[in-house]
Amino acid sequence: MSDLSNVAAPPSTSPMSAADELELTRVYRERYPDLVAEAKDALGSELEHYSGKIAQQGMLDAWPHRTEYTVPGAFDGALHDAIRAAAAIQRQKHAALHQRGGARVPHVAPLSTNDAVAKLVAVLHEAPVDHDAAVRASREASKHHAAEHVQHVGRTRSWKGPAIAVVVIAVAIVGGSTLLSGAGEEIAVKKAIAAEDARTLSAARGQRGNVDLADGTKARIGSDSRLRMPRAFGTTMRTAEVDGTVSFTVAPGQPLPFTILAGNAIVTATGTRFTVRAFPEEQAVVVGVEEGSVSVRVKDGGDPTDVAAGQAVRVTPDGAVTVLDAVASDVALAWVRDSLVFTDTPARVVLNELSRWFSLSATLADSALGARPVTLRLGMESSGSATAAFAKAAGLTIGFDKQEKVVLSAAPQR
């Protein structure tokens, strides 16, 4: 992102409680050396002297969101993303300064842990910037400049010239906004989601997580999945991107529609419960609706398809949208009911799913075993129970190699 002037101001927050500040400084002191090391890695050798600054910024950016994560390790991932994002912005600033021939910043070593904590506490007690007042002042200055410009034009030209000019400009602006509301808006959303200041929520293999989004929507993130949102999500945008599978309970009564980008599908809802599955290796997107309805359309065009409660559709790479039967829908989306379902599914596909949802490290002793059809319904409470049930359904036995990795072999014939 090259233009940092339009970045939204951070939301106003109430003063931090003493207990919260104490916990923040404790965590920061404990992690400061690791944060500095990660910042150095993200900045590169030329900018590593900013690593202390980036460590502080990353912690301050991630800390307000820590209560949103219910999965162990999720805050660590958010902190990692915040460090990377702050480092990326610092690199952009450095590149812009270099292009303008700006003065070089003297290289200094990062602060010691004690000095870094003291600086963090000082930042916490700084008077907050009144962003609203700054915006109002900027707008007033713009109005004043515009008024002066209008008066100057009025003194030097007849009324006919300015009037015609105003009409032409107004038409051009209206026409431009119409164009931007279509393709332009979609391009803007894609750029915002791809920007380095976008926010990514993720769950690793074997993990699932619940999170409340800025607009009040509740999201349940499946294993090995990511939800990426623009910085302006919940204010001027209400669009996010799914890589993997996520279930949403959409907050109703919002002025903007709730939209999800997944693969080649665009899913739009108002107030509803629905799930999207879009793992890249599956080369198809599945959308299932539990309550309300959604509209599904293909990114490259075509009429939208309305999906009602109790229905599910699959969107294939060629843009075809087909309604799934109950069995196929259950196979794709049963995880939201804490189950995994397979119907005549090749054993290799089942094993891949177990690896995803249980972080299971296992292999088939013979690749030919992967073609065996498996029909099975599993609970998601125990990886051991799931592995045993899978082995029984596929006619396999469980063994271990020298590295204690699970090896599944053909069961002896009886």
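When the letters of the sequence shown are read in order and numbered with our numbering, they come out as residues 614 to 1027. The beta carbon of each residue, even a glycine, is placed where N, CA and C say it ideally should be.
- A contact is defined here as three or more CB-CB pairs under 8 Å, and the segment 858 to 878 meets this definition with respect to the segment 823 to 839.
- Per DSSP, S968 is one residue of the alpha helix (DSSP H) stretching across A960 to F971.
- Within the same chain, and ignoring the five residues on either side of M842 in sequence, the residues whose Cβ sits closer than 6 Å to its Cβ are R812 and A853.
- Under DSSP, T872 shares a beta bridge with T852 and T881.
- The alpha-carbon separation between G915 and P986 amounts to approximately 36 Å.
- The C-beta of E966 has 16 or more other C-beta atoms within 10 Å across all chains shown, which makes the residue buried.
- Cβ-Cβ separation between G665 and A729: approximately 6 Å, consistent with a contact (criterion under 8 Å).
- Counting along the chain, the unbroken alpha helix (DSSP H) around K653 starts and ends at A631 to L656.
- For the set P959, V907, L673 and D938, the Cα lying nearest the Cα of D633 is the one of L673.
- In this structure, the straight-line span from the alpha carbon of Q924 to that of T726 is close to 56 Å.
- Taking 3 residues as the shortest admissible run, the segment 791 to 841 contains the following complete beta strand (DSSP E) segments, listed from N- to C-terminal end: 812 to 816, 822 to 825 and 831 to 834.
- Three or more Cβ pairs drawn from the segment 952 to 959 and the segment 981 to 995 lie within less than 8 Å of each other, which places the two stretches in contact.
- Residue environment analysis places T888 among the buried positions, since at least 16 neighbouring C-beta atoms fall within 10 angstroms of its C-beta.
- Note on geometry: alpha-carbon atoms of L733 and Q703 lie some 19 Å from one another.
- Taking one beta carbon from each stretch, the segment 899 to 909 and the segment 936 to 956 have 3 or more pairs nearer than 8 Å; the two touch.
- Taking the Cα positions, L991 is about 23 Å away from S980.
- In the DSSP assignment, A731 falls outside any beta strand (DSSP E) and lies within the alpha helix (DSSP H) extending over T726 to L737.
- Between S996 and F971, the C-beta spacing is below 8 Å.
- Nearest C-alpha to E904 among K912, P893 and S860: S860.
- Following the DSSP letters along the chain, one finds V909 inside the beta strand (DSSP E) bounded by residues S906 to V911.
- Taken through DSSP and simplified to helix, strand or coil, R679 comes out as helix.
- In terms of Cβ geometry, T918 and R910 form a close pair [threshold 8 Å].
- Cβ neighbours of S906 within its own chain (closer than 8 Å, five residues either side excluded): A882, T885, D919, V920, A921 and A922.
- Taking each of S908, E994, G932 and L977 in turn and checking the Cα distance to R950, the smallest one comes out for E994.
- For A925, the uninterrupted beta strand (DSSP E) run begins and ends at A925 to V928, by DSSP.
- By the Cβ-count criterion, K653 is buried, with 16 or more other Cβ atoms from all chains shown falling within 10 Å of its own Cβ.
- The C-alpha of I800 lies about 10 Å from the C-alpha of I806.
- One Cα belongs to F892, the other to R969, and the distance between them is close to 11 Å.
- Here the alpha carbon of A699 sits roughly 13 Å from the alpha carbon of G657.
- Counting along the chain, the unbroken alpha helix (DSSP H) around G997 starts and ends at S996 to A1007.
- G857 places its beta carbon less than 8 Å from that of R839.
- Its Cα nearest to that of T976, the residue S1022 stands out among S1022, K1005 and D938.
- Note on geometry: alpha-carbon atoms of T638 and Y663 lie some 20 Å from one another.
- Taking every protein chain shown into account, the CB of D837 has 16 or more other CB atoms within 10 angstroms, so this residue is buried.
- Exclusion of the five residues before and after G847 leaves A827 and D828 as the residues of its chain whose Cβ lies within less than 6 Å of its Cβ.
- With a threshold of 16 other beta carbon atoms within 10 Å, E661 meets it and is buried.
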